[in-house]
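J.: My questions will all concern the structure given below.
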Amino acid sequence: MPLQQESARQERKPVILMSMGQQDRNGHAYQVMTHKYMQPVVDISDCIPLLIPTCFGVADIEQYLDMADGVYLSGAASNIDPSLYGQENLTPEKKQDLARDLVDIALIKGAVKRGLPILGICRGMQEMNIAFGGDLYQKVHDEDHLNDHREDPDTPPDVQYGASHSISMVKGSWLHKLLGDTIEVNSLHGQGIKTLGKGLEALALAEDGLVEALHAPYLPQFTLGVQWHPEWKALENPDSIKIFKAFGEACRRRAGSALDLRIDKAS
Numbered sequence: 004m005p006l007q008q009e010s011a012r013q014e015r016k017p018v019i020l021m022s023m024g025q026q027d028r029n030g031h032a033y034q035v036m037t038h039k040y041m042q043p044v045v046d047i048s049d050c051i052p053l054l055i056p057t058c059f060g061v062a063d064i065e066q067y068l069d070m071a072d073g074v075y076l077s078g079a080a081s082n083i084d085p086s087l088y089g090q091e092n093l094t095p096e097k098k099q100d101l102a103r104d105l106v107d108i109a110l111i112k113g114a115v116k117r118g119l120p121i122l123g124i125c126r127g128m129q130e131m132n133i134a135f136g137g138d139l140y141q142k143v144h145d146e147d148h149l150n151d152h153r154e155d156p157d158t159p160p161d162v163q164y165g166a167s168h169s170i171s172m173v174k175g176s177w178l179h180k181l182l183g184d185t186i187e188v189n190s191l192h193g194q195g196i197k198t199l200g201k202g203l204e205a206l207a208l209a210e211d212g213l214v215e216a217l218h219a220p221y222l223p224q225f226t227l228g229v230q231w232h233p234e235w236k237a238l239e240n241p242d243s244i245k246i247f248k249a250f251g252e253a254c255r256r257r258a259g260s261a262l263d264l265r266i267d268k269a270s
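Going left to right, the sequence shown walks through residues 4 to 270 as the numbering used here numbers them.
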């Protein structure tokens, strides 16, 4: 490998796109991203987060994707607009963020076409499912065959994000090889996967059968959506470390392939 190419590989960290969300404060519209979602991208994945404001629409999505080696869809307090998956809104009391939905779905579809690794957490996993044509239970706790997966909002964060139930990996899957048979996860969601999108498959299930992790096995790149929150105190959780390391390695491979292509074109 030429010295110039090897040096570029060592110096450049992969760039990970992360979309921000709408939040109103004192009469002003803010674009926000919680620190806890960015931290493991830096500390564990060893990548650079690049935040995308979602308030300007999707016109510049391709230019953002040009700069990216991966896409990371975080959770948020807002629900996905149910019109995007053909349902009426059953949770009018919950905030929605349609601008973020539209940007994230465009990011997912663009990443699929470009071969960029994709990681989705909680709401992000649900957006992945919608982008592939699936739908959601808007109130998991109202389904007779499912448990209540919501957190207690009156407890401190350490309790809310503490392990609350186990999940089982699909036998023989790559996530099974990564994490083992079962792990304990936190649970802070009122909505969940109802029908998997086209081409998506479950990687892990909760005790009640709810999908807790999914991927797109027909795609060549890394794809993973998880319903729990591995970002919470990720450095203290061996399973979270494995997930963010796997994502970072996938983004590094993508960055290396893109660098090779650029150098080949320039030489």
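Even for Gly, the Cβ is constructed at its ideal location relative to N, Cα and C.
If you reduce the DSSP assignment to three classes, tell me which class E187 lands in.
T.: E187 falls in the strand class under three-state DSSP.
J.: From K97 to I51, what distance separates their C-alpha atoms?
T.: Cα to Cα, K97 sits roughly 32 Å from I51.
J.: Assuming V188 and W231 are in contact, meaning their beta carbons sit under 8 Å apart, how far apart are those beta carbons, in whole angstroms?
T.: Right, the Cβ-Cβ distance comes to about 4 Å (below 8 Å), so this counts as a contact.
J.: Spatial neighbours of A166 within its chain, please: C-beta separation below 8 Å, excluding the five flanking residues on both sides.
T.: These residues qualify, in order along the chain: E187, V188, N189.
J.: Would you call S270 buried or exposed, if buried means 16 or more other Cβ atoms sit within 10 Å of its Cβ?
T.: Because the pLDDT at S270 is just 48, under 50, the model does not fix this residue reliably, and the value given afterwards should be weighed accordingly. Exposed.
J.: Excluding the 5 residues preceding and the 5 following A79 in the sequence, name in chain order all residues of the same chain whose CB lies nearer than 6 Å to its CB.
T.: Excluding positions up to five away in sequence, the list reads G24, R126.
J.: If we require 4 or more residues per run, which alpha helix (DSSP H) segments fall completely within the region 49-115?
T.: DSSP runs (the alpha helix (DSSP H)) wholly in the region 49-115: 64-69.
J.: Beta-carbon separation of P159 and G73 under 8 Å?
T.: Not in contact: P159 and G73 (Cβ atoms no closer than 8 Å).
J.: Buried or exposed: which applies to V214, given that a residue is buried once 16 or more other Cβ atoms fall within 10 Å of its Cβ?
T.: That one is buried.
J.: In this structure, does DSSP put K201 in helix, strand or coil?
T.: Residue state, collapsed to three classes: coil.
J.: What residue range is occupied by the uninterrupted beta strand (DSSP E) comprising R28?
T.: Where R28 is concerned, the enclosing beta strand (DSSP E) stretches over 24-28.
J.: Assuming M131 is part of the alpha helix (DSSP H), what are its boundary residues?
T.: Unbroken alpha helix (DSSP H) run through M131: 126-134.
J.: Work out the CA separation of D211 and H148 for me, nearest whole Å.
T.: When rounded, the distance between both Cα atoms is 7 Å.
J.: Measure the beta-carbon distance from H192 to E204 and round it to whole angstroms, keeping in mind my assumption that it falls under 8 Å.
T.: In fact, because the Cβ distance is near 20 Å, the residues do not count as touching under 8 Å.
J.: Run through the DSSP bridge pairs and tell me what V229 is partnered with.
T.: Paired residue(s): I124, A216.
J.: As a quick exercise: from E239, I246, S81, pick the residue whose alpha carbon is nearest that of L122.
T.: Considering only alpha carbons, the answer is I246.
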